[in-house]
Amino acid sequence: MGIVRRLVVCLLLVPFAAVPARAAEPAPPRTLTVGTLSAVDSMSPFLAIRALPTAVFRHMYDFLTNYDPKDGKVIPALAESWSASDDKLTWTYRIRSGATWSDGRPVTAKDAAWTFNLIKSNKDAGKGSGSYVKNFRTVTATDDRTLVIVLNRPQSTMLALDVPIVPEHVWAARVPEIGKFNNDTRFPVVGNGPFVLTDYRKSEYIELTANKDYWRGAPKFDKVVYRYFKDIDAEVEALKKGEIDFVSELTPAQYESLRGNADLTLNKGQGKRFYALAVNPGPTTTGGQAFGDANPALKDRKVRHALARAIDTKALVDKTLGGHGTPGGGYLPPIWTINHWEPDDATRLSFDLAAANRLLDGAGYAKGGNGMRTTPDGKPFSLRILGVTSRAPDTQNSTFMKEWFKQIGVELVPSIVESGTQSATLQAGNYDLAFTSWSTNPDPDYVLALHTCGARPATPGSSYPGDNFVCVAAYDELYQKQLAEYDANARTTLIKQAQRQLYTDAYINVLYYPNVLEAFRKETVSSMQRMPGDNGTYMGQDGYWAWWSAMPTAATGSDDDGGGATVPLVVGAAVLLGAAVVGFLVVRRRRSTADERE
């Protein structure tokens, strides 16, 4: 055997020392970036009433119950089970074991009791969810897993208490400043939901990080980041470029333009939101104190009916929504089939300019030679309409309405402003008409409560959850009856009667129910859960399921499964072997040559 062959054999017989593979770089977090135009009024679950923060709270904090994404029926959440006494006045919830706060401490029934009691006893803490607890007599935790709520009278929402449960050990110190504390000064924010709020900068971004210890299972994405945009066009451009992964509430033109984009998955969901015109009857507080400067003409129901009949809701759906929606009727969107109400032909305030003109004639608003009307005291009949720049339909719809109102002799003066100015103007009551839009939950109690006498502000100009300062005794009576009714069919009947009352009073005129037009990038997301069912949407007030269920698209390359070091080790051995052989040959050749000379 030649010397080279003997050397190779020897080298192969000598065990190589393990050559450790270089440690792999940590994989970047799997991030789902969501575009948004929505404003945040507060990141405190006690203060916020706007859609974006209240949706984010479902990711940060568990509620006692949740809704099945397929049909909207109540399912367990933080409460794994519940029971009620025969008279339905005592409700007992079993808090699930194993649920923890993101700082590692256990979630207990005491946290839930503390949350509800704070909302009940503190007027600042009750701004967002106070309607749920007004009827609570007592709330106690008899042990760490048992929550007991005793009611003054029956309350049908006891399985739909859409209240984020917060950790007492964190929030107790915040009580003195609860009315001003926005929950955005120290990160991470302790929560018990599928995500943890780890960073936030107003009007820039919201960062949520997956809670790996969440009882339902950790989300598949490591982070969800909401990124702010000034307008929807910039948002869509960012989606096309891959700078963000998800956009909701596309305009019809944008949705149609994206149809052929192979990089995107599109969704046209039946909306849970209504878009409406709120009529300001003249603001009053819960104590009856008047404030604001609404046009007194709006106190007259004939005038309100005339305005409703001067709006072609079908034209708005066709022109503003490009057909992606349904003309308005009852207060609750059609997706909630059980509780949705539609006016019959005798009740419907259909588009009819001639009928609107007759109503105004009969109300004493005479037309002048220029075709425009004056009030009974001789002043021009002019109405201001308030909208917000971040909601594109407000500008479009005000343009159409201005022309229709001109045909009934009423001057319409649009004021489309940024969200902060809009909120301040609404609270001050210094408007006549206002565009409004609300997302609805499977249980309608919260949005129905917005029109009760008790929803008005306690003091002039203070924050309140409603739209138009309405106080109608007949509506309040229907609201209280539905709230106290446990029989589902009987409650549905009352809910529809309440919607009929709202419709005929015409303080809130539902213009349409928009479809929700959404798109996400296939390279980032392979699938997500819509709610409710296949006709639903990803993003929204109850958008808990979408981000929790979102599946990242698999990487194009194979991941290292633990055996990845085998190839480098073998290659390393081969290299060492080759180097040794080559080195030997080079030395031998050099020696050979030298020997010949020497």
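Letter by letter, the sequence shown follows residues -23 to -1, 1 to 575 of mature numbering (1 follows the signal peptide of the UniProt record, and there is no 0).
Where a beta carbon is used, it is the ideal one built from N, C-alpha and C, also for glycine.
Just so you know, these numbers come straight off a predicted model, no measurement behind them.
Within 9 Å, strictly: CB atoms of residue i and residue j
i, j, result
"F206", "L293", "no"
"N169", "M20", "no"
"L284", "L254", "yes"
"W415", "R250", "yes"
"N112", "L336", "no"
"residue 650", "Y44", "No statement about residue 650 is possible, as the shown extent of the chain runs from -23 to 575 and does not include it."
"S396", "S440", "no"
"P419", "Y308", "no"
"R286", "L326", "yes"
"P304", "T290", "yes"
"A118", "T85", "yes"
"Y203", "E184", "yes"
"L124", "Y70", "yes"
"G306", "T514", "no"
"W318", "K473", "yes"
"A483", "R281", "yes"
"I315", "A465", "yes"
With 16 other Cβ atoms within 10 Å as the buried cut-off, status of residue i
i, result
"A531", "exposed"
"G49", "buried"
"V564", "Residue placement at V564 is poorly supported in this model, since its pLDDT is 32, which falls under 50; the coordinates still yield a value, given next. Label assigned to V564: exposed."
"P132", "First, the residue type needs correcting, since residue 132 is Gln and not Pro in the sequence shown. Label assigned to Q132: buried."
"E495", "buried"
"Q266", "exposed"
"K436", "In the sequence as displayed, the identity of residue 436 is Thr instead of Lys. With fewer than 16 Cβ atoms within 10 Å of its Cβ, T436 is classed as exposed."
"A571", "Bear in mind that a pLDDT of 29 at A571, under 50, signals an unreliable position, so the number given afterwards is only what the model happens to contain. The residue in question, A571, is exposed, as its Cβ has fewer than 16 Cβ neighbours within 10 Å."
"P3", "exposed"
"A467", "exposed"
"Y463", "exposed"
"T501", "buried"
"L360", "buried"
"V365", "buried"
"N188", "buried"
"I96", "buried"
"W68", "buried"
"K218", "exposed"
"Q476", "buried"
Residue i: first and last residue of the uninterrupted beta strand (DSSP E) it sits in
i, result
"E495", "493 to 498"
"Y521", "Element bounds for Y521: not the beta strand (DSSP E) but the alpha helix (DSSP H), 521 to 526."
"R204", "200 to 205"
"G431", "Premise fails: G431 is in no beta strand (DSSP E) and is neither H nor E."
"D511", "That residue, D511, is in no beta strand (DSSP E); it is neither H nor E in DSSP."
"E2", "From DSSP, E2 is part of no beta strand (DSSP E); its letter is neither H nor E."
"A411", "410 to 416"
"D161", "From DSSP, D161 is part of no beta strand (DSSP E); its letter is neither H nor E."
Minimum Cβ-Cβ distance from residue i to chain B less than 9 Å
i, result
"T314", "The displayed structure is made up of one protein chain only, and chain B is not part of it."
Residue i, enclosing alpha helix (DSSP H) - first and last residue
i, result
"T481", "465 to 482"
"D295", "290 to 296"
"V213", "209 to 218"
"I96", "86 to 98"
"N334", "330 to 339"
"T398", "396 to 405"
"N374", "369 to 383"
"V147", "145 to 148"
"T42", "Where T42 is concerned, there is no enclosing alpha helix (DSSP H), although the beta strand (DSSP E) it sits in stretches over 42 to 44."
"F34", "28 to 37"
Identity of the residue in the options nearest residue i by Cα
i, options, result
"T413", "C430, P491, L337", "P491"
"F497", "L128, D222, R477, D208", "D222"
"S62", "T42, E2, L128", "L128"
"R82", "E145, A28, W91", "E145"
"F34", "L488, K111, P22, G339", "P22"
"G438", "D409, T402, V424, V447", "T402"
"A527", "D199, Y452, G341", "D199"
"P165", "Y177, R151, K157", "Y177"
"N244", "W525, P529, M516, W524", "M516"
"Q399", "K179, A426, I362", "I362"
"G12", "S234, D210, A331", "D210"
"D322", "T481, V224, I52", "T481"
"I72", "L425, K65, D88", "D88"
"T297", "G248, S375, T469, K344", "S375"
"A271", "G406, R27, S108", "G406"
"V110", "I126, R122, D121", "I126"
"T186", "S180, A195, N445", "A195"
"N99", "T175, R236, P46, P153", "P153"
"P141", "F40, L235, A215", "F40"
The segment 387 to 396 contacting the segment 225 to 238, beta-carbon criterion three pairs below 8 Å
no
Is there contact between the segment 417 to 431 and the segment 448 to 456, where contact requires at least three CB pairs shorter than 8 Å?
In this structure the segment 417 to 431 lies against the segment 448 to 456, because at least three pairs of beta carbons, one per stretch, are closer than 8 Å.
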